[in-house]
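**Q**
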Amino acid sequence: MSQEDRQHQIASLFSHNTAVTVIIDGQQYEIGMDGDIQILVNLPPTFPDEAPVMTVSPTGMRHPWIDSDVIVCDALLSWHPQYSVGMVVHDIFENFKTLPPTLRSATEDTYGHRPQPPIPTNAPPSAQPPAEYLMIMNKSPEEINELLSNDRAFEIFFHSLDRVQNMKTVKEELCNGNENLARKNLSYEEELIRLRSQVTSMNKEYQELRSKVSEKERQQQDAFNRFSSSTIMTRLKAGVNESDDLSESVAQSFLDGSLDHESFVKQFRDLRKVYHLRASNLEKLQRNDTLFS
1 MSQEDRQHQI ASLFSHNTAV TVIIDGQQYE IGMDGDIQIL VNLPPTFPDE APVMTVSPTG
61 MRHPWIDSDV IVCDALLSWH PQYSVGMVVH DIFENFKTLP PTLRSATEDT YGHRPQPPIP
121 TNAPPSAQPP AEYLMIMNKS PEEINELLSN DRAFEIFFHS LDRVQNMKTV KEELCNGNEN
181 LARKNLSYEE ELIRLRSQVT SMNKEYQELR SKVSEKERQQ QDAFNRFSSS TIMTRLKAGV
241 NESDDLSESV AQSFLDGSLD HESFVKQFRD LRKVYHLRAS NLEKLQRNDT LFS
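Read in the UniProt record's numbering, the sequence shown has 226 at position 226, and its numbers run on one by one without any break.
1) Reducing DSSP to helix, strand and coil, say where PRO120 ends up.
2) In the DSSP assignment, find the unbroken alpha helix (DSSP H) run with GLY86 in it and report its ends.
3) Please list the terminal residues of the continuous alpha helix (DSSP H) segment that includes LEU43.
4) With GLU30 as the anchor, note down where its beta strand (DSSP E) starts and where it stops.
5) For LEU103, list the residues DSSP reports as bridge partners.
6) Using a Cβ-Cβ cut-off of 8 Å (strictly less than) and excluding sequence neighbours within five positions of ASN225, which residues of its own chain qualify?
7) Please classify PHE158 as buried or exposed, where buried requires at least 16 other C-beta atoms within 10 Å of its C-beta.
8) Whole angstroms are fine: how far does the CA of GLU30 sit from the CA of LEU13?
9) At what residue ranges does the segment 200-230 contain a whole run of the beta strand (DSSP E), taking only runs of 3 or more?
10) Please name the residue in PRO101, ILE23, CYS73 and ARG210 whose C-alpha comes closest to that of PRO58.
11) Between the Cα of THR234 and the Cα atoms of SER258, GLN286, PHE264 and SER253, which residue gives the shortest distance?
12) Note down, in chain order, each residue of its chain lying with its Cβ closer than 8 Å to the Cβ of VAL89, except the 5 sequence neighbours on either side.
13) Could you please give the first and the last residue of the uninterrupted alpha helix (DSSP H) stretch that includes THR169?
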């Protein structure tokens with residue numbers, strides 16, 4: 001089968017099912033259904049020539065189509081490249097809705113428990129038996145007895161099965177993917193430390209500049225207060241009163257005879273000049289303040 005056929009099969013997962021999550025693009029997909037049951041679809045490298053491996057979670061579920069968390073429906077056991085993997089997953093969920101899986105009890109022996117017979121499906125009548133079945137059928141009675149009596153021989157035979165090897169491959173790919181992701185995250189460590197230090201430095205600089213701006217704003221407000229119309233008016237009033245008092249003091253000194261005529265005229269004229277200038281400015285300021293208030 002071509003890569004195009006593989007992509008067409010992957011597309012069928014999305015067209016026949018709704019809650020599809022990509023775990024590893026092109027290799028592993030998770031499909032969920034109501035009731036918190038998820039199916040993990042693992043696509044081997046030779047898919048669709050080789051059947052996909054589907055596992056169910058949560059683990060420890062009991063159902064005619066579930067064997068040690070692996071889905072073993074007829075469509076997968078008699079897989080054909082022309083089957084639609086998306087439709088197979090959809091049919092599995094439909095069956096789960098009709099006959100919901102249940103959790104195994106704590107006292108139930110997983111290996112000794114005999115599962116219920118599989119529910120018949122609409123698999124093509126020309127479907128071939130599983131490859132594992134053919135491998136056993138081709139063995140002699142002596143070889144079968146050897147497998148049953150020799151744990152080491154059975155282990156070697158078990159690990160030689162294509163389905164087991166495919167699951168190992170999927171596991172290795174997951175481990176490698178997790179390791180690569182961890183390495184990628186670690187590769188960002190130095191950059192994150194540098195950026196964190198840069199942010200700290202910029203924040204410190206911001207606080208310093210903010211403090212300077214606050215000080216400038218305070219100085220600006222003080223300047224506004226010093227040169228505000230009310231402040232200037234208050235100072236002008238004080239200046240007018242001061243000039244008036246000084247001129248009156250000079251006049252009183254002249255009347256008392258302590259100041260000669262020439263000195264009196266000069267001092268009194270200068271003081272009254274200042275007085276009238278300040279009084280004129282005060283009048284203008286009061287008029288403008290009344291106009292714009």
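Built from N, CA and C at the ideal position, the CB exists for glycine as well.
**A** With the given structure in hand:
1) Along the sequence shown, read from residue 1 onward, the residue named residue 120 stands at position 120. With a pLDDT of only 43 at PRO120, under the threshold of 50, the placement of this residue in the model should not be trusted, and no figure is reported.
2) Mapped onto the sequence shown, residue 86 falls at position 86. For GLY86, the uninterrupted alpha helix (DSSP H) run begins and ends at 85-98, by DSSP.
3) Start at 1 with the first residue of the sequence shown, and residue 43 comes out as number 43. Following the DSSP letters along the chain, one finds LEU43 in no alpha helix (DSSP H), marked with neither H nor E.
4) Counting from 1 along the sequence shown, the entry for residue 30 is found at position 30. It spans 28-33 - the beta strand (DSSP E) in which GLU30 sits, taken as one unbroken run.
5) The count along the sequence shown starts at 1 and reaches residue 103 at position 103. LEU103 pairs with MET61.
6) Locating residue 225 in the sequence shown gives position 225, counting from the first residue. Sequence-distant Cβ neighbours of ASN225 in its own chain, meaning closer than 8 Å and more than five residues away, are THR231.
7) Residue numbering aside, residue 158 sits at position 158 when the sequence shown is read from its first letter. The residue is exposed, with fewer than 16 neighbouring Cβ atoms inside 10 Å.
8) Start at 1 with the first residue of the sequence shown, and residue 13 comes out as number 13. Start at 1 with the first residue of the sequence shown, and residue 30 comes out as number 30. Approximately 10 Å between the Cα atoms of the pair.
9) You should have found no qualifying run.
10) The residue labelled residue 58 in the question sits at position 58 within the sequence shown. The residue with the shortest Cα to Cα distance from PRO58 is PRO101.
11) Here residue 234 corresponds to residue number 234 of the sequence shown, with the count starting at 1. The shortest C-alpha separation from THR234 is found at GLN286.
12) Taking the sequence shown and counting its residues from 1, one reaches residue 89 at position 89. Here the set comprises LEU13, HIS16, ASN17, ILE31, ILE39, VAL41 and MET54.
13) Residue 169 sits at position 169 when you count from the first residue of the sequence shown. Under the DSSP assignment, THR169 falls in the alpha helix (DSSP H) whose first and last residues are 162-187.
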